[in-house]
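Working notes for the structure below.
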Amino acid sequence: MNLLSVINEKVINAFKACGFENAQTLVRAADRPDLADYQSNGALALAKSLHQNPREVAEKVVEELKKDDFFSEVSVAGPGFINMKIKDEELTKLAAPILTQEKVGYERPDNPKTIILDYCGPNVGKVLHVGHLRSGNIGDAVRRMMTFAGDKTIGDAHLGDWGRPMGLVLTELQHQWPDMPYFKSDYASDKGYKLPFTLKDVVEAYPIASAKAKEDEAYMEQAKKYTRELQEGNKGLRDLWQKFVDLTKGDTQDLMNQLNVHLDLWWGESTVNDRCMKMVEHLQKSGIAELDDGAWIVRQEGDTPPLILVNSAGAAMYAATDLATLEARMEEFHPDVVMYFTDARQGLHFSQVFATAKKTGIVPDEVKLEYQPFGSVNGADNKPYKTRDGGVPTLRFLIDSAVQKARAKMESGEIGRDLTDAEKDEISHIVGVAALKFMDLMNDKVKNYIFDEERMLATEGKTGPYLLYAMVRMKSVLEKLGEPKNNTLIITNPAERKLLLNLYTFPENMQIAYDNRAPHVIADYLYRLCQDFNLFYHDCPIKDADEQTKNSRLNLLKYTLKVALICADMLGLKVPNKM
RNA sequence: GCGCUUGUAGCUCAGCUGGAUAGAGUGUCGCCCUCCGAAGGCGAAGGUCGUGAGUUCGAAUCUCGCCAAGCGCGCCA
């Protein structure tokens, strides 16, 4: 049960009582809060299909609704809106049955699904950068939303750990550390061997290697050879490869932990290596793949260019790995939906892969494949964000910088004076990361946004720190003044009413966010909730109020905190107890 | 050339499965701490919704054309 469904039921019955059997009620929170709490646009839609005057239809329904003393006022406005105001007593009466529910009134309209979400996408040999922030952040937020809604979710990092880049890294590492045991013909084990290189060396090795390979043919041949031998299972290369894959994984894990981004699965391209070859062979034999200019391709419908499965050098392309990964996911998890969170430039690739997956039967018809593109992060010049020296900012740099600035803010302000150093460290990390994450999640994901560190860390305006501050206040007041004694609610002030009404709209907002895979809808809702709370806090003193009012306000506060924390959690924001 | 995405207040963005007076934030200007956390609150000013047509009782929203920006188009991922 939630407020929308309660009102909707009443409006449906009113329409029926007027002889309109299957009317769409189109009930929602009012666009004009000055005129109504909820509105129904059903009369407009109905009148259109019946070729009647919408106002007349609305008048009839309003007469019916007026009989219900749930409403304090029901009226027709404009071309045929039905405006409804709810009695304060009814509003407060519903608080306990709705707002104490675990999901505060959210009820999903369909059956739970199994959903695989492909996000983060780290590549071995490359540093995580601002793009991984978006992929991880958005993908994880959507995963959290779906988990809340009751779906079984699987977040997969989809590690880029295979192919030519691995051969290049192996080659360059050998050049720099030729004495490593892995390359010896009699290699058996590296037990007790201490690695001479670090993650830093690995990520530096890749660009060096690909530059060398372009100029030096022998070097390229070596890389190709290692790529092939790695795939064939050469033990030394396999062991060395595992070492630097683990370094990358560890680093990614650390960064994702810092961002509070959760991953369930670390399947890499290597995971599907064997399967990939078999799949390609099958497509070749079945005639779906055809040879063209030495490459194996799958033709697409219309003007869509063909998908390249295997290049003319015989190497599987990433479309092939993606298809093999899909095949593996189907077998292992039988998902209803698979979604990909990658930047907006890969649209063509995924439309080819999806079409091919369906055409070949790798993915059954009933399984939905969703491409969820996101825009780029731009600098003040509206071009992809760069650091001052012109480089691509690494994810670690972005996090460190945000945390450091949050800390500086704490030191310079008058706040947090009573915090210990350890507390300051912990809290500035939470605040800095929240600033970064919220800036990334607050806008529609397909759009580019402009990275502005000053603004994202500001405490005024629509920012992470503003939200955290509001929630910290809620916690703090509740802790100081204690739990309410019973769950009776009364309305004595417009700010209380506004806040309460807003709490009731959580289910609707949740549904919109879910349907559109849109964390920014939750972000926006949470922001409005915090605004309403701040007004309530300002206008409605609790401590010195009479017993009944105090109790009621504590209840309202408790409910607000509960909903706010649910939203914050869906966005992957941690909320400290003080700041 | 074909395709994808975007264009809303000075700036950053909501609203886009058709509905009322297009909303926030920021910036600008003014106001509010003897009071549970002022990292807060209140108010004012600010818009030909890129543009032109069409559909409709009604369009920021749907359709088409045009303009502008970004991106993608077989052997990288």
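Per the working numbering, the first sequence starts with residue 277, numbered consecutively.
We treat Cβ as the ideally placed atom computed from N, Cα and C, and that holds for glycine.
Keep in mind it's a predicted model, so treat the numbers as computed, not measured.
Contact check, Val400 vs Met442 under 8 Å by CB: the rounded distance?
By 1-based counting over the first sequence, the position of residue 400 is 124. By 1-based counting over the first sequence, the position of residue 442 is 166. So it is a contact: roughly 7 Å between Cβ atoms.
So is Tyr469 buried or exposed if we call it buried at 16+ other beta carbons inside 10 Å?
Along the first sequence, one-based indexing puts residue 469 at 193. So Tyr469 counts as exposed.
Can you give me the C-alpha to C-alpha distance between Val668 and Ala481, rounded to a whole angstrom?
Along the first sequence, one-based indexing puts residue 668 at 392. Along the first sequence, one-based indexing puts residue 481 at 205. Approximately 17 Å between the Cα atoms of the pair.
On a Cα-Cα basis, can you pick out the residue from Ala710, Phe617, Asp612, Glu497 that is closest to Asp432?
By 1-based counting over the first sequence, the position of residue 432 is 156. The candidate whose alpha carbon is nearest that of Asp432 is Phe617.
Under three-state DSSP, which class holds His434?
Here residue 434 corresponds to residue number 158 of the first sequence, with the count starting at 1. Here His434 sits in coil by DSSP.
Specify, as a first and last residue, the run of the alpha helix (DSSP H) that Ser486 falls within.
Locating residue 486 in the first sequence gives position 210, counting from the first residue. Run containing Ser486: 475-491, per the alpha helix (DSSP H) assignment.
Which of helix, strand or coil DSSP assigns to Leu341:
By one-based count along the first sequence, residue 341 stands at place 65. DSSP places Leu341 in helix when its eight states are reduced to three.
Paired residues, beta bridge with Trp572 - DSSP
Along the first sequence, read from residue 1 onward, the residue named residue 572 stands at position 296. Beta-bridge pairing links Trp572 to Leu567, Val586.
Which of the three DSSP states, helix, strand or coil, is assigned to Tyr382?
By 1-based counting over the first sequence, the position of residue 382 is 106. Three-state DSSP puts Tyr382 in coil, outside helix and strand.
Just to confirm before moving on: does the CB-CB distance between Pro745 and Thr735 stay below 9 Å?
On the first sequence, position 469 is the one that residue 745 refers to. On the first sequence, position 459 is the one that residue 735 refers to. The amino acid at residue 745 is misidentified as Pro; the sequence shows Tyr. Less than 9 Å separates the beta-carbon of Tyr745 from that of Thr735.
According to DSSP, simplified to helix, strand and coil, what is Gly443?
Within the first sequence, numbered from 1, the residue matching residue 443 stands at position 167. Of the three classes helix, strand and coil, the one that applies to Gly443 here is helix, per DSSP.
Given this structure, state the Cα-to-Cα distance separating Ile842 from Gln377, to the nearest angstrom.
As a position in the first sequence, residue 842 is number 566, starting the count at 1. As a position in the first sequence, residue 377 is number 101, starting the count at 1. Approximately 12 Å, taken between the alpha carbons.
Output needed for Lys738: all residues of its chain with C-beta closer than 7 Å, excluding positions within five of it in sequence on either side, in chain order.
Locating residue 738 in the first sequence gives position 462, counting from the first residue. Within the same chain, Lys738 has close Cβ partners Met718, Tyr803.
Reference Lys336, options Ala319, Ser677, Leu541, Glu505, closest by Cα:
Numbered from its first residue, the first sequence carries residue 336 at position 60. It is Ala319.
Alpha helix (DSSP H) segment containing Ile788, residue limits:
Counting from one through the first sequence, the residue named residue 788 turns up at place 512. According to the DSSP assignment, Ile788 belongs to the alpha helix (DSSP H) that extends over 782-791.
Terminal residues of the continuous alpha helix (DSSP H) containing Asn533?
In the first sequence, counting from the first residue as 1, residue 533 sits at position 257. The continuous alpha helix (DSSP H) containing Asn533 extends over residues 511-534.
Taking the alpha-carbon of Asp386 as reference, which of Ser588, Asp845, Asp427 has the nearest alpha-carbon?
Counting from one through the first sequence, the residue named residue 386 turns up at place 110. Comparing Cα-Cα distances from Asp386 to each of Ser588, Asp845, Asp427, the minimum goes to Asp427.
Leaving aside the five residues before and after Leu754 along the sequence, list all residues of the same chain whose C-beta is less than 8 Å from its C-beta, in chain order.
Position 478 of the first sequence, counting from 1, holds the residue named residue 754. Within the same chain, and ignoring the five residues on either side of Leu754 in sequence, the residues whose Cβ sits closer than 8 Å to its Cβ are Leu830, Leu833, Lys834, Leu837.
Using 8 Å as the threshold, is the region 845-855 in touch with the region 791-799, meaning 3 or more CB pairs across them?
Segment contact: the region 845-855 against the region 791-799, three or more CB-CB distances shorter than 8 Å; contact assigned.
For Val282, which option in Gly381, Arg308, Phe357 has the closest C-alpha, if you only look at C-alpha atoms?
Start at 1 with the first residue of the first sequence, and residue 282 comes out as number 6. Checked all of Gly381, Arg308, Phe357; the closest Cα to Val282 is Gly381.
What are the residues that DSSP puts in a beta bridge with His405?
In the first sequence, residue 405 corresponds to position 129, counting from 1. Thr670, per the DSSP bridge assignment.
Should Asn359 be labelled buried (16 or more other beta-carbon atoms within 10 Å of its own) or exposed?
Position 83 of the first sequence, counted from the start, is the residue given in the question as residue 359. If you draw a 10 Å sphere on the C-beta of Asn359, you find 16 or more other C-beta atoms in it, and that means buried.
Using DSSP bridges, identify the partner residues of Glu349.
In the first sequence, counting from the first residue as 1, residue 349 sits at position 73. DSSP lists Lys361 as partners of Glu349.
Using only alpha-carbon positions, find the residue among Val548, Ile766, Lys490, Leu302 that is nearest to Asn284.
For the purposes of this step, residue 284 is taken as the residue at position 8 of the first sequence. Nearest of Val548, Ile766, Lys490, Leu302 to Asn284, Cα basis: Leu302.
Using 8 Å as the threshold, is the region 551-563 in touch with the region 589-604, meaning 3 or more CB pairs across them?
Yes: at least three Cβ pairs fall under 8 Å.
Stretch-stretch touch, CB-based, cutoff 8 Å, three pairs: the region 605-624 with the region 564-575:
These segments do not touch.
Whole-angstrom distance between Lys361 and Tyr314, CA atom to CA atom
Reading the first sequence from its first residue, position 38 is the one you call residue 314. Reading the first sequence from its first residue, position 85 is the one you call residue 361. Tyr314 and Lys361: Cα-Cα distance of roughly 7 Å.
Those runs of the alpha helix (DSSP H) which lie wholly inside the region 641-713 and span at least 4 residues:
Whole alpha helix (DSSP H) segments, 4+ residues: 671-688.
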